[in-house]
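In the working numbering, each residue carries its 1-based index in the sequence shown increased by 880.
One structure is given here, and the rest of the page talks about it.
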Amino acid sequence: MSHLHFQYINEQISFEPSSSKYKATMKNLITIKALFVFHLLLLLTFLYNVEGGDNLASLKNEAEALLKWKASLLNHHNNSQLLSSWNNNLQLPNGSNYANPCSWYGVFCINGKINGLNLTNSNLNGTLYSFPFSSLPNLEFLDLSSNQLFGFIPSQIGLLINLSHLNLNRNQFSGPVPNELGNFNLLISELRLTSNYLSGSIPSSLGNLTKLTVLELGDNRLSASIPIDLGNLNQLEYLNLKNNRLNGPIPASLGNLTKLYALFLGDNNLSASIPIDFGNLSQLKYLALGYNNLSGSIPAVLGNLTELSILYLYGNQFSGSIPVELGYLIQLEELALSNNNLTGLLPYSFGNFSKLSVLYLSNNQLSGSFPIEFGNHLKQLEYLELYNINLSGKLPPSFGNFSKLTYLFLGNNKLSGSIPTEFGNLKLASLDLSRNNLVGSIPTEFGNLEKLVSLDLSRNNLTGSIPISLANLTQLKSLYLQDNKLSGSITIS
């Protein structure tokens, strides 16, 4: 009987409180309400027995399974601070013990079922061989990162069919990446296995995880080539395969990952050229391909990646000139092209890099002098390394305007002329102008470089006396002035 119906009955009663009819009616109403509450309690009890009872039984099984895994850990007696709550010390009114894993450290439940485990940095030492994969069908989140877990990753991990996040980063797992990971629910969005000792090839089955947004396999011992199937992961935003033993060409199919904002493939043995398809990665902010065996020219289409803030291509075998189109990357903050076989001039378009803080071009076969634009616009530079690239011409006085410059390495070039006095305006920690053809005297303004730790002016044609002002450089640890025509001496306290 509804509340509105009770209200309607009450509105029809007009008897006086003292009348017998009134009392009889009220007695009937109380009886009706009592029956309503009784049936409601019966319904709730039924639902509890049907659903709550099943949930409790399921939760009990999950708890027992997790306790068995805890007991298998090598240090399960020593991690009492974190896993002390993992026990079955709670008591029912009848005196029997039971476990409530929903109150345990790192355990999360939804509707009375274990939904997530977050045990990152929990001093776990052991394997996953006893982990209850089959007993946790509702698990969506599993984070065991930053522990001392070791051994193979069991193939039974594929039984976690509802998993959306898996993080096993920074452990000591070895053996192959289980092919069964490709059987995960298609809703899985993050798969993190970085910083382990995993070996073998990357399973092509990972290409089935089309909802994946994060894939981390870096800092392992993975070998063979990058599977073409990874190009199917069209929702992928972050891909880290760095510091492995991967070889072969970079698959052109990675150019399909148009939502990618970070791509780390450095420190491998990848070969051939950068795929032209990379020009499609318009959302890319970080592209790191350093220390591989990549060759050919740097594709001009990289100039399409206008969101790029970091571009690392150092330590490869790239040849040809630096594309002018790289100057279109006006969001660029770090550019590293060192240790290649690049030729030609420094592009004038580098003058567009108004946000650039790091520029590494050392150990190439470039030529020519500094473009005018180079000295006038790179006001955010902190690290400038142009060592051993055959630069000629004079040092631009405009470098004195680089108020944030901390490290300047221009050694082993063919620079001539005198050292601009404007260099004394800088806040350098390290300055290397060695092995050039510089003439004239050392500017007395160098005494203003109070943060200077290392100064190398050796192997030039500098003349005159060593400025007394250098004695002001109280932070100086290294000073190289040999192989010049300098006179005098200096004592630095």
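Beta carbons: idealized from backbone N, C-alpha and C, even for Gly.
Looking at the DSSP output, Asp-1312 bridges to Phe-1289 and Asp-1336.
Residue range 1341-1345 is occupied by the beta strand (DSSP E) that includes Asn-1341. For Phe-1303, there is no enclosing beta strand (DSSP E), since its DSSP letter is neither H nor E.
Under the three-state reduction of DSSP, Pro-1129 is assigned to strand. A direct Cα-to-Cα measurement between Ile-1041 and Asn-1063 gives close to 8 angstroms. In this structure, Glu-1214 places its C-beta atom within 8 angstroms of the C-beta atom of Ser-1237. Below 8 angstroms, enough C-beta pairs join the region 1289-1303 and the region 1313-1327 to call them touching: three or more. Bridge pairing for Asp-1023: Asn-998 and Asn-1047 [DSSP]. Your pair His-1045 and Ser-1069 checks out as a contact, with CB atoms roughly 7 angstroms apart and the cut at 8 angstroms.
Taking a 10 Å sphere around the C-beta of Glu-1330, we find fewer than 16 other C-beta atoms and assign the residue as exposed. Under the criterion of beta carbons closer than 8 angstroms, Leu-939 and Gly-992 qualify as touching, at roughly 6 angstroms. DSSP places Leu-1169 in the coil class of the three-state scheme, outside both helix and strand. Each of Leu-1350, Thr-1354, Asp-1363 and Asn-1364 was checked against the Cα of Ile-1370, and the nearest Cα belongs to Leu-1350. In the three-state reduction of the DSSP assignment, Leu-1061 falls in the helix class, which pools H, G and I. The beta carbon of Val-987 sits closer than 7 angstroms to the beta carbons of Pro-981, Ile-994 and Leu-997 from its chain, once the five residues preceding and following it are set aside; these are given in chain order. In the structure shown, Thr-1223 adopts extended strand secondary structure according to DSSP, grouped into three states. In this structure, Thr-1090 keeps its C-beta atom at 8 angstroms or more from the C-beta atom of Tyr-1118. For Glu-1253, the enclosing alpha helix (DSSP H) starts and ends at 1252-1257. In this structure, Tyr-1228 places its C-beta atom within 8 angstroms of the C-beta atom of Pro-1251. In the DSSP annotation of this structure, the continuous segment of the beta strand (DSSP E) that includes Leu-1095 starts and ends at 1094-1096.
Bounds of the beta strand (DSSP E) holding Glu-1214 are 1214-1216. Beta bridge pairing from DSSP links Gln-1052 with Phe-1030. Judged by DSSP secondary structure, Gly-1080 falls within the beta strand (DSSP E) whose first and last residues are 1077-1080. Around the beta carbon of Arg-1101, a 10 Å sphere encloses fewer than 16 other beta carbons of the protein chains shown; the residue is thus reported as exposed. Counting along the chain, no beta strand (DSSP E) covers Ala-1180, and no H or E run does either. Straight-line spacing of the CA atoms in Val-1333 and Gly-1195 works out to 27 angstroms. If you check the CB distance, Asn-1001 and Ser-1026 come in under 8 angstroms.
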